[in-house]
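Protein chains: 4
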Amino acid sequence: MFGASLFVQEAAGLTYNGLLSMQHRGQEGTGIAVLSGSNIVCHKDTGLVNEVFTRENLGKIHKSKLAVGHNRYSTTGRSAHINLQPFVTEYLTGRIAAVHNGNVTNAGKIKRQLMARGLNFNATSDTEVIASLIAYHCMREKDALKGVIRAADELEGAFTLIILSSEKKLIAVRDGSGYRPLCIGRGPAGLVVASESCALDSCGFRFVRDVRPGEVVVIENGEIIFEEVILEKKDPSSGLCIFEYVYFARPDSNIDGLSVYEARYNMGRMLAREHPVTADAVCGVPDSGLEAAIGYASESGLPLVSGFVKNRYIGRSFIFPTQSERESAVKMKLNPLRANLQGKSIVLVDDSIVRGTTSEKIVTALKQAGAREVHMRISSPPFRYACYFGTDIDTEENLIANKMELAAIRDKIGADSLGYISIGGLKAACEKAALPFCTKCFTGHGQKER
Amino acid sequence: MFGASLFVQEAAGLTYNGLLSMQHRGQEGTGIAVLSGSNIVCHKDTGLVNEVFTRENLGKIHKSKLAVGHNRYSTTGRSAHINLQPFVTEYLTGRIAAVHNGNVTNAGKIKRQLMARGLNFNATSDTEVIASLIAYHCMREKDALKGVIRAADELEGAFTLIILSSEKKLIAVRDGSGYRPLCIGRGPAGLVVASESCALDSCGFRFVRDVRPGEVVVIENGEIIFEEVILEKKDPSSGLCIFEYVYFARPDSNIDGLSVYEARYNMGRMLAREHPVTADAVCGVPDSGLEAAIGYASESGLPLVSGFVKNRYIGRSFIFPTQSERESAVKMKLNPLRANLQGKSIVLVDDSIVRGTTSEKIVTALKQAGAREVHMRISSPPFRYACYFGTDIDTEENLIANKMELAAIRDKIGADSLGYISIGGLKAACEKAALPFCTKCFTGHGQKER
Amino acid sequence: MFGASLFVQEAAGLTYNGLLSMQHRGQEGTGIAVLSGSNIVCHKDTGLVNEVFTRENLGKIHKSKLAVGHNRYSTTGRSAHINLQPFVTEYLTGRIAAVHNGNVTNAGKIKRQLMARGLNFNATSDTEVIASLIAYHCMREKDALKGVIRAADELEGAFTLIILSSEKKLIAVRDGSGYRPLCIGRGPAGLVVASESCALDSCGFRFVRDVRPGEVVVIENGEIIFEEVILEKKDPSSGLCIFEYVYFARPDSNIDGLSVYEARYNMGRMLAREHPVTADAVCGVPDSGLEAAIGYASESGLPLVSGFVKNRYIGRSFIFPTQSERESAVKMKLNPLRANLQGKSIVLVDDSIVRGTTSEKIVTALKQAGAREVHMRISSPPFRYACYFGTDIDTEENLIANKMELAAIRDKIGADSLGYISIGGLKAACEKAALPFCTKCFTGHGQKER
Amino acid sequence: MFGASLFVQEAAGLTYNGLLSMQHRGQEGTGIAVLSGSNIVCHKDTGLVNEVFTRENLGKIHKSKLAVGHNRYSTTGRSAHINLQPFVTEYLTGRIAAVHNGNVTNAGKIKRQLMARGLNFNATSDTEVIASLIAYHCMREKDALKGVIRAADELEGAFTLIILSSEKKLIAVRDGSGYRPLCIGRGPAGLVVASESCALDSCGFRFVRDVRPGEVVVIENGEIIFEEVILEKKDPSSGLCIFEYVYFARPDSNIDGLSVYEARYNMGRMLAREHPVTADAVCGVPDSGLEAAIGYASESGLPLVSGFVKNRYIGRSFIFPTQSERESAVKMKLNPLRANLQGKSIVLVDDSIVRGTTSEKIVTALKQAGAREVHMRISSPPFRYACYFGTDIDTEENLIANKMELAAIRDKIGADSLGYISIGGLKAACEKAALPFCTKCFTGHGQKER
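Chains as they are written, first to last, in our numbering: chain A, 1 to 450; chain B, 1001 to 1450; chain C, 2001 to 2450; chain D, 3001 to 3450.
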């Protein structure tokens, strides 16, 4: 998510550049909406940012001071055009374009309530429900800010929102728990709001601050004209999704006071303390295990080596199936570096184990490449429970840690030892963060209401 | 380049998978030719391997035991369809499909000689000249192997070739100096020939050996039926292009007895010995400076840190120009990791400096991110002379090291110190390689004949 | 518009074939929605029918007994994806997919009323308003048929609708005036509803009857289960848009009891009676003036000749502008047949004159090709007033007949004489049609309410 | 084929416009080559003219005074990129770009002769052989014109050629029999050469004259600098392919003194005289039977009616196969106009019967639409023999007239009577043409040499 409120008419181009920097947060589709007079013009489609936008179509919507954009990461599997963001909604006295990151747990209930009042829906996503609820309240309150606040107050679960209003405002909202990150940046041309600070850097904008949990911030003409913590934290055990540090965010982002790189490095150090092992070298699984591997090596004193070379071009390539090849698909993407592995006992650091199938292939590949022993170290605790707040993790029955004990997992993936960081260790690694964490994917929680 | 001679009819699919693994050697276009009866069928187009080939078009040419493929890396700037490889050529008694890596220095002369005999040409590349010369001699010798040997004997400069002949043979040739790498792999279904060993790994094939400089290898029905060093080394000062270890090859490849990873690691260690510096940390420029940085850190005892995060999605994306952003283009691709740089004196390791403009931007970015000092270390000697053997380096007048002394370059790029590895140091780092090296881009050489 | 209710699961494929036959009614975009369980799945995009649908994406939605489809012909100039039909809408107790042809004159008012009740909108088209109104009433009435009737009763202007309801029904509606055509066809596999009967022929379905003005027809399991004229005709001077016979429909369609071909032929005959002229030959402007030219020739006894050859491949091709060519754009599309024109006095028959610019170019081209005289005959009366019911005609100020008298138009286009059919003559030509006509584009009418 | 020699630098744009007008002569691929300094730059690809060329790629090659272009109509089924024209060939002292229409019967022999001299080939088309032969002689003669003449003299069969030479000339050649048409046009900016005169009209150029059989014309700087009939007519019974008038050419073209429209009209009149019938109306099969139908109606005095409506959008669309439809594919493209057919005895005029399957479907469709009788009249004699000169007609065994007698064909297609024009009648219809005709597809001829 990215929003821009500028003094100059180049909000769409800036938003495009910002979205390019946050492509890792979603690759299914993308869109940008701008304010054009009292209208909102939106271009969105399935595909990567640089596939959907061309100099030509971007040039057509570029002349605006206000824009919001979004990269879609499908949490539902249904990724039709109709579910792409921003959602542009017209109500009696105005228009909004809404973008949303997270998962609203009472979206079904709200949708039914709105439908009972006669409203109807075209898409199948939470965001349409949120946009509709906001528009409903904006109409009744006759004021965009009041409407957004009323609507946000009804939402449960995880939501960060950026609302472009035809009242010429950008309204940023972060839920009371602060599940998902949101930050503000300033540049010579105005203010921007982004999911991750790396997008500010890419645009040459300066980090100002994170949006606080429960806060509503209104930006007009490149200046903050309202900022107040309004939404309460409904679940005392909730907080920032710790997987932002473990996996989601780019390591060059800073979230709620903590560098993602540093967090991962600390996780690696903590892992080394919690699960030391006598080995010859440490290596990380590219790309998300690399920083923790550096931390593990540093703390353990073991040398860090590159264990794999990742094919950077393979992306969405298909592999042609032949009988002549053995297990090519994994080696195609991640080829072990025999020179660093031959005859060695290796500590292999990865960020998580979900189904276990990839881990098994990677361990097998290391052993085939000559590794004598493979000691798997995971920089997050066992992933046992489905997430209701926006992480597109498999159904619970597919989570290997939901069904198996540590020893069984170790044997299944073929590792010589297996160590997960403890929840306490993970929290300690992230202790500089200003917020408490949501760790329900490790600890479990009540049933989701739908 | 990739060639497959199998017992089973799946040569095209295997070649596709092999080309996917060597996409780093060329991104302009790609092609695969297979033997179909006595015909040769070829599909080639501009674009990446996974853009040019689909399951459908690959399926159409898949049923063959013999295939050759090629990824094009334009050394001339002219990248029309007409210059794509393989080149399929019909002569009086047969057909060949030829792929070529390198640069034949007497191609112009050979072309004129052939034209004087009445031959004509459709394209503008060396490969057409080579294919035409081979076909010419195949016709006169009435034998593909003899023809290839006669032709190869006339060629000067750098050339590795894989020739698919309608005589149901695959003929691999490496010039007498061994400028470019070429290796043979064996799998359950037959033999393959590839520019780099990483392609064998990806296909699950086992490395057998490198093709020797000057050697001609003939493969039929998945078996080697001829192997002999035939071509002489014409220039005693020539050898394997040392830039294969410095930059071109993938680190998981093994070339002429030396692991590319190990070579780069050794370069880093050598750099640390030749240009030590008191600093706080070492970091490499992603991706090609990373292995040397590991070596530098190891030898110097300085901690290795990640200095940048590279946007893996940006590829051929355009950046939308806005006034609101400062120097976004570099930061879009390579964002400094402030947490690791703030207040520190950094050793920055990269593989080479060509024009100097990128180095300048990277050093500037590090300093803006808080680095106190930046000590640039380059894992290759100053790049002073144009290469006539296949490296697509800028014209000599654009090479910063051709025009400026060390101190001037250091000042231009804004580094606090600058150290290049010595030629001797580089050779020592690669001493395990079985071949002597060509280092003429560092030392210069006579005028190229055209 | 096309809808299918079949006994067998192939509604989407049949609808695709039907839409192919009605591509002439709209080329901007197309879509098909099917019932899948209680869900409605929709695929739509900008482009021609054969560009948007592939065997693959059609195969995915093919297994359904119920489908509706639509070809979009933008009446507003805004042709974003968001305005494409079918519109899929979910309300409290069900879902509908709606397609619409026509122009609802009180859509703005209805939209404001719905917004005042809290509803909001994402698109900018009438169809969204209609779909929303229907869903609103379906929810309140707890029955799709009752909801559709309530909604249709509120609509003013021109509308034919096909509604696919999750109650497994297809509901077809034609407004009380019958502005736009709609007919029912039967085949071995069930019933279909189409804008034009040519779509029935193409699918091998038999024409059953036209939907009557004001009628609502409900089809379930391939059978009509409800049929009743319910909607009243609000404007006594309204009726079927006579331009369906003049221009819109395909000549092989039968609308409300009259063959379009026959209607055009009769217009030509009537023109010959109203505006006889001594000339050598008659020719029509391809394609829409051809049938009237046949009628004119037949009535006048003058020989019919081909005056032009139309380039059938030019479609949306661009013409490259060069200085070397004179007026190439028109001749590129419509090249006069010199052999038939040289030295002759020609009666040129076309269906209408809108701005007059094309007519001027065509007359000029005929004269350059050697025509001695050009007598223009138009098979519709002077087009003076903008249409509020769905014809995408230029703004009134651009209508040449709105600003100029007959003689001035004749001089402007360079014709030697000019004759328009009279309103009475046109009606007489169409007298076999079962319905009265709307002829307000010729006669004018009150101000449209928005 | 189209070639332009202009005073101004816009040859490529003009050639593009010319190719657009001749899209009917080939839809598989297209290309344009221009002279740029002493280089020839070529852009070609598979697809329609407006798909292959964009304003952008055309703009890049637009600045030239000399261009040649070609639309490919595959006569072999192999339509790979490698066989597209123009063929650009470099020889010792120059370059040519060659385009060719026709079929050279001794291409195989010439290819073997050239290969015996050491030349080799990349493609599988005659045009490569021709280009190679020309280049061979240009090299030996040290002069493009002399080389072209020497080469053309060796060719047998049908060939019209336009050669762009790096000597800044356009050389047009027509074989001694004049099998294929070729004409010259003049405009304010220079001279152009085109296969059909309709391309001159489209560009606003004036028809100057046809190239004579056996003539070689050299154009330089927009002026003819050489024109001489040089090539002899090798086969006295040969001549202009009469199918150019029957089917290939656009009716608005003028070929060798005869308007194609007039020729077809005369064929219809002749048919009416040779095969009169008592019937109610005449109709033509769109599009190629329409002109002959007009002639038949005129001569017979029977009224002309439209028998079908052709779907102009269907082009290369696929039809989705469903069980619910009966024989949709034909009706999709050509829907009978019931209003004109019901209860009537119809004379149906078409240009030819090849396999007979389409004729059978069309007759069936007419009868299903109510025609009482269908009398088929064909404006060419029975098509009995394969053509070796460039008409891509089925193999002989598939030609219905090669296997069946008239009565059997009539019964097979379901017509009530069947009449073909006689060879004499066809020649009489075309008697104004300045050339004798090749009619070997009707009369047979010796075995082709390959």
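Backbone N, C-alpha and C fix where the C-beta goes; we use that ideal spot for every residue, glycine too. Just so we're clear, the structure is a prediction, and the values are computed from it rather than from any experiment.
8 Å Cβ cutoff, residue i in contact with chain E
i: F3087(D); result: The chain inventory of the structure shown lacks chain E, comprising the protein chains A, B, C and D.
Beta-carbon proximity of residue i to residue j, cut-off 8 Å
i: G2444(C); j: N2103(C); result: no
i: I400(A); j: I353(A); result: yes
i: I3378(D); j: D3280(D); result: no
i: Y296(A); j: R269(A); result: yes
i: V2218(C); j: L2145(C); result: yes
i: V1193(B); j: G1037(B); result: no
i: H3275(D); j: G3419(D); result: yes
For residue i: DSSP bridge partner residues
i: L3066(D); result: S3005(D)
i: C387(A); result: In the DSSP output, where bridge partners are listed per residue, C387(A) has none listed.
i: E220(A); result: K169(A), E223(A)
i: K1044(B); result: G1031(B)
i: E3325(D); result: In DSSP, E3325(D) forms no bridge with anything.
i: L1258(B); result: I1255(B)
i: M1376(B); result: L1348(B), L1418(B)
i: L2304(C); result: V2282(C)
i: V3193(D); result: G3003(D), I3184(D)
Cβ-based neighbour list, residue i, same chain, cut-off 6 Å, excluding 5 preceding and 5 following
i: K1448(B); result: The pLDDT assigned to K1448(B) is 45, lower than 50, so where the model puts this residue is not dependable; a value taken from the coordinates is nonetheless given after this. Cβ neighbours of K1448(B) beyond the five flanking positions: T1105, Y1388.
Contacting residues, own chain, Cβ-Cβ under 7 Å from residue i (five flanking each side not counted)
i: G1343(B); result: G1370, R1372
i: R2150(C); result: H2137, E2141
i: I2110(C); result: V2129, L2133, E2154
i: T1439(B); result: I1242, I1423
i: V3309(D); result: N3335, L3337
i: P251(A); result: V260, Y261, R264, E291
i: A3123(D); result: I3082, N3083
Option nearest residue i by Cα separation, candidates the options
i: S2324(C); options: I3163(D), I3362(D), G3204(D); result: G3204(D)
i: Y58(A); options: T46(A), V41(A), S74(A), N71(A); result: In the sequence under discussion, the amino acid at residue 58(A) is Leu, which differs from the Tyr named in the question. Answer by Cα proximity: V41(A).
i: M2001(C); options: K2060(C), A2107(C), R2180(C); result: R2180(C)
i: M2022(C); options: V2217(C), A2249(C), A2131(C); result: A2249(C)
i: R2212(C); options: E2360(C), G2031(C), M2139(C), S2195(C); result: S2195(C)
Residues of the region 1284-1296 of chain B whose Cβ lies closer than 9 Å to any Cβ of chain A, in chain order: Result list: D1287, L1290, E1291, I1294.
Residues of the region 239-254 of chain A whose Cβ lies closer than 7 Å to any Cβ of chain B, in chain order: So the list reads R250, P251, D252, given in the order they occur along the chain.
Under 9 Å (Cβ pairs) to chain B, residues found in the region 3109-3131 of chain D: Listed in chain order, the positions of the region 3109-3131 of chain D with a beta carbon within less than 9 Å of a beta carbon of chain B are K3111, R3112, L3114, M3115, A3116, R3117, G3118, L3119, N3120, F3121, N3122, A3123, T3124, E3128, A3131.
Chain-ordered residues of the region 1296-1327 of chain B with a beta carbon less than 8 Å from chain A: Residues S1298, P1303, L1304, V1305, S1306, F1308, V1309, N1311, R1312, Y1313, I1314, G1315, R1316, S1317, F1318, I1319, F1320, P1321, T1322, Q1323, S1324, E1325, R1326, E1327.
Interface positions of the region 3136-3155 of chain D facing chain B (Cβ-Cβ less than 8 Å), listed along the chain: Among the residues of the region 3136-3155 of chain D, those with a Cβ less than 8 Å away from any Cβ of chain B are Y3136, M3139, R3140, in the order of the chain.
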